[in-house]
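Visitor: Heads up: the sequence shown begins at 0 in numbering that gives the first Met the number 0, then just goes up one per residue. Cβ atoms here follow ideal geometry from the backbone N, Cα and C, with glycine treated the same way. Dropping a structure here in structure tokens format, bear with me for questions.
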Amino acid sequence: MELMQDDALKLPTRVSSSYNPTRSSRPKDRPVSSRLLFRSLLLPLVIGLWMGLVVTQVDGQSEEPVPAVTQYDVQAILLRHCTVCHGRHHQEGGLSLLDRKSLLKGGRSGPAIVLKTGTKAEQAAAVTSAQASLAAAKKLLQSRLPELANRLKKQFPTGKPEPASSGLIAHFPLDGPATQVVNNDRSKKDAVFYGPGALRTTAGQDSRDDARKTGALFLDGTGQHLDAGNVADFRSDQPFTCSAWIKPAEKVGAIITKINEPKDFQGIDFTYNRGLVEVHLTDTWPANAIKVAPETIRLTDGKWHHVLFSYDGSKKASGVKIYIDGTQARLKIFCDTLSGDFRTPEPWRIGRRKSSAFYEGAIDEVRIYSRVLSDAEVTLLAVGDEQLKRTLKVLDKEEVERTEAEKRTLLQYFAARDKNISKRKQELQHLQAKPADSLLLKRVRSGQMPPKVDLLNTGTRPLKARDIARLEQWIKSGAPEVEHPAELAGTEHDPLVDDVDRSYWAFQAPSHITVPRSWDRSIVNPIDAFIADRLEEAGLTFSPSADPTVLVRRAFFDLHGLPPTPAQLQQFLTDERPGAFARLIDRLLASPRYGERWGRH
């Protein structure tokens, strides 16, 4: 290339043709300005850089940052600590914690989490709307007060709060002298007492200082009971409720039953079992049955307690409720396999099953309903209702004679039972609440959940502070959800696996360990050597070797469930060859008796 006087460059044809499409219109050797050349070279670079920035910016806008805590992190925490009681198979309090939707829906106590959505102005408008809805609901209730008051008067014509009579099939007050204790208030057919011994009565559940205000039935545990006949014949698809007041001795005793033990325990069984109150609903035990009992409540104080169970006809253990002294108990499900019918021709019995579970102690106020009672009705049976008593007292007065305080009493009573008002109040409380006030956070912070008394039973452990912090962070950030990543093997963080899980022995790489030495000549394998080493650390030793006769009996009882015959015992004792015990075990395992013993498990 040659430098020209006007400081221009003579471009080669190849270069000029790339950036000057009109080159052919001017002379082939005409020089091009260096400024033009610089611009021509710089322009593609600038355009390229600009396009790169634009693409990068657009790409950055299309990919939203992943939240620090996602629903998968929260699910991992809840699966580890909470879903035994609030999962797929059991929802204590009607609450499931399996996903975000379930958390927002909540249970009987309301939503589990509180989220704030929309702008502050939109949130304020929602609160104002909820307040207006609540005011409208109260105004509607006010207009219905005369109608509701008349209905309540008809329900309690005596002016006293009495337990519900709707659906009451049988009622045995068990009051008065022996001739009246067997009376059924709902039927002309009374119960029949069966001994041994004579019928006895004692002070009733409403007595004070053992004064016989009304009386109760006393059973001595020898088989005494009342045969109530076939007062109700419930199928497994029909709802019902059974209740009684009990003051039992600490042993097994049936409260109310309709059961046939010889026929696979078919029937209905409400039994006290050394502190536990158990319910069995059985077609064939245990393959086709329901069994539930309170997880933590034990009645061992020797005092009167009101016990009640209801069944909704669903053939599910979740359809059974047990109340102790008016409070619904959290249940442990032992069996949930009912698909058939527990109906049986056996009569209802108070105080025993057909041939077992002889009750010892006092029983009072036995009731059987053909429906499921509400929580309020159960409370009235168990502890009465002070608010209802005050309301009925106000209703005894003429409307013009009622004071402002008495009018408020009426309004408060009916408002507490108005579903529309309850719904509007819950909506308003939810809108006014803050994410930090979420019920889930309150329960785990206070240590209420998971319940400490159930940690061993459920195999769970309390939440760590870092887990609670992550829950709070997720809720405060609006409970964000992200798309589930593909399941790929790798070393990235997995919220379902923590350091404690990783330290589990099964996940450790195998390593060679030296077998401890021991002076105990009875040790014949490495496992015994390790056990002996740990025993020595604790200052302990092995128990002496069992006598051959004792050893044979243990083997037979463990594997066959029966003792050895004299011939079988002698066969082992006379076998002096090495490996005699191993050959005995082989014979026991090869026997059909072994299958009969363990096949049922």
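1. Would you report the Cα separation of Gly109 and Ile349, rounded to the nearest angstrom?
2. I believe Ala169 touches Arg366 by the beta-carbon criterion, under 8 Å. Please report the beta-carbon distance rounded to the nearest angstrom.
3. In whole angstroms, what is the alpha-carbon distance linking Thr270 and Thr343?
4. Look at the Cβ atom of Leu173, then the Cβ atom of Asp363, and state whether they are nearer than 9 Å.
5. Would you check if the distance between the CB atom of Val113 and the CB atom of Pro479 is smaller than 9 Å?
6. Residues in the same chain with beta-carbon distance under 6 Å from Leu462, minus the five sequence neighbours each way, listed in chain order, please.
7. Candidates Phe192, Pro176 and Leu587: which alpha carbon is nearest Leu218's?
8. Cβ of Lys104 versus every heavy atom of the ligand GTP: is any distance shorter than 8 Å?
9. Quick test of your reading: Ala111 and Leu454, contact by CB under 8 Å. State the CB separation rounded to the nearest angstrom.
10. Going by beta carbon distance, what residues of the same chain come within less than 7 Å of Ser369, once the five residues before and after it are set aside?
11. Among all the DSSP beta bridges, which residues are the ones paired with Thr201?
12. Could you tell me if Ser309 is buried or exposed, where buried requires 16 or more neighbouring beta carbons within 10 angstroms of its beta carbon?
13. Distance, Cα to Cα, Gly220 vs Asp184?
14. Start and end of the alpha helix (DSSP H) containing Asp557?
15. May I ask you to report which of helix, strand or coil DSSP gives His511?
16. When DSSP labels each residue in this structure, what does Gln327 get in the three-state scheme?
17. Can you give, in chain order, each stretch of the beta strand (DSSP E) that sits fully within the region 149-187 and has at least 3 residues?
18. Quick one, which of Pro525, Thr283, Gly274 and Ala243 has its alpha-carbon nearest Val335's?
19. Are the Cβ atoms of Arg107 and Leu97 separated by less than 9 Å?
20. Does Ser242 pass the burial test, meaning 16 or more other C-beta atoms within 10 Å, or should it be called exposed?
21. Kindly list the residues whose CB is nearer than 6 Å to the CB of Asp532, restricted to its own chain and excluding five residues on each side of it in sequence; keep chain order.
22. Going by DSSP in three states, Trp597 sits in which element: helix, strand or coil?
23. Is it the case that the region 313-324 contacts the region 248-256, given that we only count it when at least three CB pairs across the two stretches are under 8 Å?
24. Run through the DSSP bridge pairs and tell me what His305 is partnered with.
Guide: From the atom records:
1. 40 Å
2. 7 Å
3. 18 Å
4. yes
5. no
6. His80 and Val443
7. Phe192
8. The ligand GTP is absent from the structure shown, which contains no ligand whatsoever.
9. 21 Å between Cβ atoms; not a contact.
10. Gly166, Ile168, Ala231 and Phe239
11. Ala215
12. buried
13. 26 Å
14. Pro547 to Leu558
15. coil
16. strand
17. 167-171
18. Reading the sequence as shown, one finds Asp at residue 335 and not Val. The option with the nearest alpha carbon to Asp335 is Thr283.
19. no
20. buried
21. Pro515
22. helix
23. no
24. Trp244
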